[in-house]
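Novice: Note that the working numbering has the sequence shown beginning at 77, numbered continuously upward.
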Amino acid sequence: MRLTIALVIGLAAVPAAAQRAPITKLLDKIPSVFGNGPKQPAITMPATPVIVGLTRAADRSVAGDPVTFDLGGFRLGMSEEEVSAVIATRKLTSRGVTRFVDFESQVRSAINISGGVGGVETRRSVLGEATLQDDAGGRYVLKTLVWPDGAHLSSIVYLAPQGTTAAEWRRMLVEKWGKPREEQQGDTFAARWSKAGSGFRASANIGPRGGTVEIAPPEGSAQQPGRLVEQAADAFIAARATKPTL
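#1: What does DSSP give as the partner residues of Val222 in its beta bridges?
#2: Considering only the alpha carbon of each residue, which of Arg175, Lys271 and Arg316 lies closest to Ala139?
#3: Alpha carbon to alpha carbon, how far is Lys252 from Val126? Give it in angstroms, no decimals.
#4: For Gln307, tell me which candidate among Thr169, Ala164, Phe179 and Ala242 has the shortest Cα-Cα distance.
#5: Over what stretch of residues does the beta strand (DSSP E) that includes Phe265 continue unbroken?
#6: Reducing DSSP to helix, strand and coil, say where Phe145 ends up.
#7: Determine whether the beta carbon atoms of Val67 and Leu235 lie at a separation below 8 Å.
#8: What residue range does the alpha helix (DSSP H) around Ala186 cover?
#9: Specify whether the stretch 158–165 and the stretch 180–193 touch according to this definition: at least 3 beta carbon pairs, one from each stretch, less than 8 Å apart.
#10: Of all the options Thr131, Thr144, Ala315 and Leu322, which has the alpha carbon lying nearest to the alpha carbon of Pro224?
#11: In whole angstroms, what is the alpha-carbon distance linking Ala311 and Lys319?
#12: Among Lys255, Ala133, Gly148 and Ala123, which one has its Cα closest to the Cα of Val233?
#13: How far does the beta strand (DSSP E) with Thr207 in it extend, from its first residue to its last?
#14: Contact defined as beta carbons within less than 8 Å: I believe Gly204 pairs with Thr174. What is the distance between those atoms, to the nearest angstrom?
#15: Considering only residues of the same chain and omitting the five flanking positions on each side of Asp146, which have a CB-CB separation below 7 Å?
#16: On the DSSP letters alone, give me the boundaries of the alpha helix (DSSP H) that Gln299 sits inside.
#17: When burial is assigned at 16 or more other CB atoms within 10 Å of the CB, is Val305 buried or exposed?
In structure tokens:
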């Protein structure tokens, strides 16, 4: 069985099982009319793989290695709780939050779509996307991927405010991340950081009129949680299938 990945939100692809996302946090507080009684089938969920930059944040920055970079205190791979801690510490203002259905709900939905009996979705949600404003007028746009243990930060974009020269932006970023692999400087500072064999990347295109700074994962990263959903659904169906006699 293969589950088609049908919904793409920004950089994060969401499995078809999550097409009903986004759901609001309010739904988390509404108890299911079906409950979780004896008819709710138990499903073994896969373990979340440990992947720095996808399911775990690096513990320190290393010059020239984007998987370790922080942007405004945020790092790729951070959990929802770690993201919330940065928001609280920096006193960032929320300008919009989208929540996605959790991993278990995606698995149950995938089973049901395939003709199995996956039971009722959990009604739990996790952080999907957030837009946050800092005290300088800049905005952070955060996106996550949904793994078995929850949401983890998969994309960080800073929409910079106006008023800072390209030279000053360059100084701040080189001081923070090291010298970029590629750069051009004029009215704006355009640069790219990457490490051979990693796939993680960071970029900037920024100047006195503002611009963007971004940290992104390797291409194809968004499909990895979807494959885990498929595997969990396939295993559940296979374990309950009646074996044919030939």
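Beta carbons are placed, not taken as given, at the ideal position from N, Cα and C, and that holds for glycine.
Specialist: Answer, in terms of the structure:
#1: Ala227
#2: Lys271
#3: 26 Å
#4: Phe179
#5: Phe265 to Ser270
#6: coil
#7: Missing from the structure shown is residue 67; the chain here goes from 77 to 322 and no further.
#8: Phe179 to Ile189
#9: no
#10: Minimum Cα distance to Pro224 is reached at Thr131.
#11: 14 Å
#12: Gly148
#13: Ser201 to Gln209
#14: 4 Å
#15: Excluding positions up to five away in sequence, the list reads Ser137.
#16: Gln299 to Arg316
#17: That one is buried.
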